[in-house]
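In our numbering, the protein residues as written are 324 to 421.
For reference, the structure discussed in these notes is given below.
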């Protein structure tokens, strides 16, 4: 049987560069990862992004050599998500799968 790890999200090149720059600028320790999830509920939910340590409720993924933590309760909502970075004002932009 062939087993393949499914990675639920992806980053554009500009998002990868910005995330790596933040990690370097803030001198974050290696055990920190990028947390991707949801804030709020139902129709009022919005995506969240930040640096955090892994908890017992998280699944860990490696995306473009960046450790990513997703709370298992949020996983179904972030599958297919692409994270971009708009340097001209919006910052990080979330593009859910259509």
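Idealized CB from N, CA, C, for every residue including glycine.
Buried or exposed: residue i, going by 16 or more other Cβ atoms within 10 Å of its Cβ?
i	result
residue 334	buried
residue 422	For the chain, the structure presents residues 324 to 421; residue 422 sits outside this window and is missing.
residue 358	buried
residue 380	exposed
residue 338	buried
residue 370	buried
residue 330	exposed
residue 360	buried
residue 384	buried
residue 332	buried
Assuming residue i contacts residue j under a Cβ cut-off of 8 Å, what Cβ separation, rounded to an integer in Å, is found between them?
i	j	result
residue 403	residue 377	With 8 Å as the limit, residue 403 and residue 377 do not qualify as a contact, their Cβ atoms being about 22 Å apart.
residue 407	residue 392	In fact, because the Cβ distance is near 20 Å, the residues do not count as touching under 8 Å.
residue 395	residue 382	6 Å
Run through the DSSP bridge pairs and tell me what residue i is partnered with.
i	result
residue 445	This structure gives no information on residue 445, because the portion of the chain shown stretches from 324 to 421.
residue 390	385
residue 414	409
Original post:
Where are the alpha helix (DSSP H) runs, 4 residues long or more, that stay fully inside the stretch 326-381, in chain order?
Top reply: 336-349
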